[in-house]
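Those protein sequences? They're chains A and B, same order as listed.
In terms of my numbering, the first sequence is residues 1 to 320.
In terms of my numbering, the second sequence is residues 321 to 661.
The structure appears below as structure tokens.
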Amino acid sequence: MNTRFILVLLFLFLFMPCPSQAEMGMGISGRTEALVIEQFPYVYEGRFSIHNTSDTACLYVLAVASPYEDVTEWVAVSPAAVEIASNGYADIKYTIAAPGGYTGDYDIRIIANGYALSGEGTTGDRPVSYLQTSGSLRISVNVTHNAGDASLGTTRPHEADAPAAEDPQPVDVGSQAYLDVPTDVSVGTAVRLRGGIIGHEAPASLCIVLSSPMGESYALPTDYTYTFREEGVWTARLTLPDAPLVERQIRVRPVRAAGMAGGAYAVAGGLLLLGFLALHRERKKGQKRREKSEARHQTTLSSISLKSKTLEGREMPKGL
Amino acid sequence: MYQKTRITALIAILALLTIPFVWADSESVSATAGINPYAPSFEYVEITDTELSISSHLDVDREYYLHVHSIDKNGITDIASLVCTLFFAGDGSLSAGATDTRSCYTLTYTYANGTANWTSAPAGHLVEGDCSATPDGYRSRFIFAFSLGKIAIPSGDTNTWKVSVTIMDRSGQTTTYADLPFDVNDYIEWSGVPSTLELSSTCMDPESPWTLPQSQPVQAVVTSNVPVSVLFCGADLMYGADAIACETFTLETVATPAGGTVNTAYAIPGAIPTESVTLVDTAYGTACMLDPTLAGYCNNSAGIASFVIDAATGATVPYVPAGTYSAVWTFTLERGAGVTP
Numbered sequence: 001m002n003t004r005f006i007l008v009l010l011f012l013f014l015f016m017p018c019p020s021q022a023e024m025g026m027g028i029s030g031r032t033e034a035l036v037i038e039q040f041p042y043v044y045e046g047r048f049s050i051h052n053t054s055d056t057a058c059l060y061v062l063a064v065a066s067p068y069e070d071v072t073e074w075v076a077v078s079p080a081a082v083e084i085a086s087n088g089y090a091d092i093k094y095t096i097a098a099p100g101g102y103t104g105d106y107d108i109r110i111i112a113n114g115y116a117l118s119g120e121g122t123t124g125d126r127p128v129s130y131l132q133t134s135g136s137l138r139i140s141v142n143v144t145h146n147a148g149d150a151s152l153g154t155t156r157p158h159e160a161d162a163p164a165a166e167d168p169q170p171v172d173v174g175s176q177a178y179l180d181v182p183t184d185v186s187v188g189t190a191v192r193l194r195g196g197i198i199g200h201e202a203p204a205s206l207c208i209v210l211s212s213p214m215g216e217s218y219a220l221p222t223d224y225t226y227t228f229r230e231e232g233v234w235t236a237r238l239t240l241p242d243a244p245l246v247e248r249q250i251r252v253r254p255v256r257a258a259g260m261a262g263g264a265y266a267v268a269g270g271l272l273l274l275g276f277l278a279l280h281r282e283r284k285k286g287q288k289r290r291e292k293s294e295a296r297h298q299t300t301l302s303s304i305s306l307k308s309k310t311l312e313g314r315e316m317p318k319g320l
Numbered sequence: 321m322y323q324k325t326r327i328t329a330l331i332a333i334l335a336l337l338t339i340p341f342v343w344a345d346s347e348s349v350s351a352t353a354g355i356n357p358y359a360p361s362f363e364y365v366e367i368t369d370t371e372l373s374i375s376s377h378l379d380v381d382r383e384y385y386l387h388v389h390s391i392d393k394n395g396i397t398d399i400a401s402l403v404c405t406l407f408f409a410g411d412g413s414l415s416a417g418a419t420d421t422r423s424c425y426t427l428t429y430t431y432a433n434g435t436a437n438w439t440s441a442p443a444g445h446l447v448e449g450d451c452s453a454t455p456d457g458y459r460s461r462f463i464f465a466f467s468l469g470k471i472a473i474p475s476g477d478t479n480t481w482k483v484s485v486t487i488m489d490r491s492g493q494t495t496t497y498a499d500l501p502f503d504v505n506d507y508i509e510w511s512g513v514p515s516t517l518e519l520s521s522t523c524m525d526p527e528s529p530w531t532l533p534q535s536q537p538v539q540a541v542v543t544s545n546v547p548v549s550v551l552f553c554g555a556d557l558m559y560g561a562d563a564i565a566c567e568t569f570t571l572e573t574v575a576t577p578a579g580g581t582v583n584t585a586y587a588i589p590g591a592i593p594t595e596s597v598t599l600v601d602t603a604y605g606t607a608c609m610l611d612p613t614l615a616g617y618c619n620n621s622a623g624i625a626s627f628v629i630d631a632a633t634g635a636t637v638p639y640v641p642a643g644t645y646s647a648v649w650t651f652t653l654e655r656g657a658g659v660t661p
């Protein structure tokens, strides 16, 4: 009986809802270019590809980093953000258009930041770190003495365009963006939606764009409580006017179903367990009843046999 | 006399005209027809992507088509085999060696007993379902759908890969198309990183100081055909105006991939850096620089880098109001220093 009980418990555990976690990954394929600018204006076009090795679709946001702002401005990347299905590829084009510059060697990094689209939206009241995978493609640019001399100069002045930090950081805010929304809500529930830039004040143009299953979109502030009135899969995007930063999906369920969704199996399991225990108790009762009746039967039999033995032992009255 | 001569000449002419017919007796005719051998030839060989745009810089682990258009007087059924060799040619002077994931692949089409057969060596680099052999009169159009392995040597600025194709017909006549050059791109892959790391406390009362019950490992597999460096950058966990400083947690690099060095500050648990810091420098550097023409170079496909976010070493989070604190911590992969190969 004990073995059966353990098996039932194991069976129930199999169906217990367990949190799933997306796995992130990316591959970057391209060439590390070493460009020499001998004359301004200078234009170069290149390409690389991003491979989504995650087990889920991901949004990749492209950023450009270089030690100097004027050098960063030479680079344009297209598209600025791209959604790639699991195990899919996307080709990215970049253009370096330098109208003028100073003599020197510059390292430019094109950085692709990946965000899981179906990742956990909320974590409850627990600190969490969203781990982000990034890959970078390095382009080294050498502006020759002659090119600099004929343009802005051979020596870069120590002005405001000098790097703020020793290590170049992406100028794009996408690398620090977060969007905290639930993944599973019931219709009619008021839910807090929050988004922003970690460690920075959110730009005024930053907003959350909520798209309903019917295709209607609502631009909302970055901290807003919204009541979902339509079932289906909604999409929440934290976005700047020129590029989406983070995207998450929200499943809105009917009132009854929403409560069931998370713990349906647990409830069903609980009922099964109760049923099993009741059955187990009934069986035990039955067994006890049987044992009692058997014991009673035995007692009766033994008293009968005792009686008969007594009768046998007695001398029969004479005359019978 | 003159008339006699004329009659003799006439008889001689008639005899000359008649003799062939007399010899042309059906039993004695011996006719031979000599046909010169006709070797198959190439119309063109090219590589395209799956959308049929010509490709000269190939990504690894991505499908491409090698188109071989051949001409044979007897059509496609006379072509017994096509062997395409894609190999790393260094500065152009190296020739194909033994097949291997890093530097040399062969794609083979054979036709015998009415059955076409497509194979690759090393195995698994041909997408057989997308391969085709199409007859077009004297012409035959072959498409080899293939992908290079993730650790195929990148050609960089100074090196190149080449394709050579050898075609053979059923009579054993062969022709070789040599040296279509192409480049292989750098590739860096990072997979298996969890999207979130829960930094929760054993103590369920959020208003009490707490510590993490155990270290939180972050594991990933890095596969690359070039030297790789791994950088890391953290940020404070924020909830509105409240914050948990990222320095509260620590980070340890627990594995060194082949050929790389670990930042000594993170060989033992160190504070989470708020600016991007190199954790592993130039992993695979040595292995990638080995000359593939020499024996014994390494296959790096199983390289693993592991990290542990460890707050078990006495880090205590002070009192913070209840709420969901979140931050974005970023791992970045980039090409390490060094020349490949």
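The beta-carbon is built from N, C-alpha and C at its ideal position, and this holds for glycine as well.
Please look up how many angstroms separate the CB atoms of A:S61 and A:N142, rounded, as I've assumed it's under 8 Å.
-> Looking at the sequence shown, residue 61 of chain A is not Ser but Val. Rounded, the Cβ-Cβ distance is 29 Å, inconsistent with contact.
If we ignore side chains and look at the alpha-carbon of each, how far apart do A:G25 and B:F569 end up?
-> Roughly 24 Å between the two C-alpha positions.
So which residues of chain B does A:Q249 contact, with C-beta pairs closer than 9 Å?
-> Within 9 Å of the CB of A:Q249, no CB atom of chain B is found; the nearest one sits about 14 Å away.
Are there three or more Cβ pairs, one per stretch, closer than 8 Å when the stretch 42-56 of chain A is compared with the stretch 80-91 of chain A?
-> Verdict: yes, contact present.
For the putative contact between B:P442 and B:D420, defined by C-beta atoms under 8 Å, what is the C-beta separation to the nearest angstrom?
-> Contact holds; Cβ gap of about 7 Å.
Span of the beta strand (DSSP E) around A:T56 | Unbroken run through A:T56: none, as it is neither H nor E.
Should the stretch 374-391 of chain B be called in touch with the stretch 451-469 of chain B, which here means at least 3 C-beta pairs below 8 Å?
-> The stretch 374-391 of chain B makes contact with the stretch 451-469 of chain B, as at least three CB pairs between them are under 8 Å.
Looking at C-beta atoms only, is the number of pairs between the stretch 24-41 of chain A and the stretch 64-79 of chain A that lie closer than 8 Å three or more?
-> Because the criterion of three Cβ pairs below 8 Å is not met, the stretch 24-41 of chain A and the stretch 64-79 of chain A do not touch.
Ignore the nearest five residues each way along the sequence and tell me which others in B:S646's own chain have a CB closer than 8 Å to its CB.
-> The beta carbon of B:S646 is closer than 8 Å to those of L557, M558 and Y559 in its chain, skipping five residues each way along the sequence.
How about B:V548 and B:Y604: do their beta carbons lie closer than 9 Å?
-> At the C-beta level, B:V548 and B:Y604 come within 9 Å of one another.
In chain B, which residues lie with their C-beta within 7 Å of the C-beta of A:G30?
-> By Cβ distance, chain B contributes N505 and D506.
Residues within the stretch 122-144 of chain A neighbouring chain B, beta-carbon criterion of under 9 Å = Contact annotation: in the stretch 122-144 of chain A, residues whose CB is within less than 9 Å of a CB in chain B are T122, T123, G124, D125, R126, P127, V128, S129, Y130, L131, Q132, T133, S134, G135, S136, L137 and R138.
Chain A contact residues for B:L517, given Cβ-Cβ distances below 9 Å = Residues of chain A passing the Cβ test: V128, S129, Y130 and L131.
Contacts of A:G25 in chain B (Cβ-Cβ under 9 Å) = In chain order: E509, W510, S511, G512, V513, A540 and V541.
Neighbour list for A:A22 in chain B, Cβ cutoff strictly below 9 Å | Under the 9 Å cutoff, chain B gives P514, S515 and T516.
How many angstroms separate the CA atom of B:V380 from the CA atom of B:G469?
-> B:V380 and B:G469: Cα-Cα distance of roughly 6 Å.
If you drop the 5 nearest sequence neighbours on each side, which residues of the same chain put their C-beta closer than 6 Å to that of B:S401?
-> These residues qualify, in order along the chain: T430 and M488.
Pick helix, strand or coil for A:E69, following the three-state DSSP scheme.
-> Residue state, collapsed to three classes: helix.
Give the single residue among A:E247, A:S140 and A:L131 whose Cα lies nearest to the Cα of A:V181.
-> Of the candidates A:E247, A:S140 and A:L131, the one whose C-alpha sits nearest the C-alpha of A:V181 is A:E247.
List, in order along the chain, the chain A residues whose C-beta lies closer than 8 Å to that of B:H445?
-> Chain-order list of chain A residues neighbouring B:H445: empty, with the shortest C-beta distance near 16 Å, by a criterion of under 8 Å.
Between the Cα of B:D456 and the Cα atoms of B:T495, B:G395, B:A498 and B:G512, which residue gives the shortest distance?
-> If we check each option's Cα against that of B:D456, B:G395 comes out closest.
Note the first and the last residue of the continuous beta strand (DSSP E) segment covering B:F389.
-> The amino acid occupying residue 389 of chain B in the given sequence is His; Phe does not appear at that position. Where B:H389 is concerned, the enclosing beta strand (DSSP E) stretches over Y384 to I391.
Buried or exposed by the 16-neighbour rule on C-beta atoms within 10 Å, applied to A:V252 | Buried, because 16 or more other Cβ atoms sit within 10 Å of the Cβ of A:V252.
Within the 9 Å Cβ cut-off, does A:F48 reach chain B?
-> With 9 Å as the cut-off, A:F48 counts as an interface residue toward chain B.
Beta strand (DSSP E) containing A:D105: first to last residue?
-> Unbroken beta strand (DSSP E) run through A:D105: G104 to A116.
Put A:R31 into one of helix, strand or coil per three-state DSSP.
-> In this structure, A:R31 counts as coil in the three-state DSSP scheme.
Assumed close pair A:I208, A:R237 - CB separation to whole angstroms, cut-off 8 Å = Rounded to whole angstroms, the Cβ separation of A:I208 and A:R237 is 7 Å, and the two are in contact under 8 Å.
Who are the Cβ neighbours of A:G101 in its own chain at under 8 Å, not counting the five residues just before and after it?
-> Answer for A:G101: I37, F40, D70, V71, W74, V143, A147, G148, S151 and L152, listed in chain order.
Report all residues from its chain with a CB closer than 6 Å to the CB of A:Y218; omit the five preceding and five following residues, and keep chain order.
-> Within the same chain, L210 come within 6 Å of A:Y218 by CB-CB distance, once the 5 residues on both sides are set aside.
For B:E448 and chain A, any beta-carbon pair shorter than 9 Å?
-> Using beta-carbon distances, B:E448 does not count as an interface residue toward chain A, since no partner is under 9 Å.
When the Cα atoms are used, what is the spatial distance from B:S373 to A:G30?
-> Taking the Cα positions, B:S373 is about 17 Å away from A:G30.
Buried or exposed by the 16-neighbour rule on C-beta atoms within 10 Å, applied to B:S346 | Note on B:S346: pLDDT 46, under 50, position unreliable in the model; the coordinate value appears next. With fewer than 16 Cβ atoms within 10 Å of its Cβ, B:S346 is classed as exposed.
Neighbour flag for B:Y385 against chain A, beta carbons, 9 Å = Taking CB atoms only, B:Y385 has no neighbour in chain A less than 9 Å away.
Do B:V546 and B:P474 have their C-beta atoms within less than 9 Å of each other?
-> Taking C-beta atoms as the reference points, B:V546 and B:P474 count as a pair closer than 9 Å.
Can you tell me the Cα-Cα spacing of B:S491 and B:K393, whole angstroms?
-> Annotation: B:S491 to B:K393 spans about 13 Å, alpha carbon to alpha carbon.
So is A:Y178 in contact with chain B if we call contact Cβ pairs under 9 Å?
-> So yes, A:Y178 belongs to the interface.
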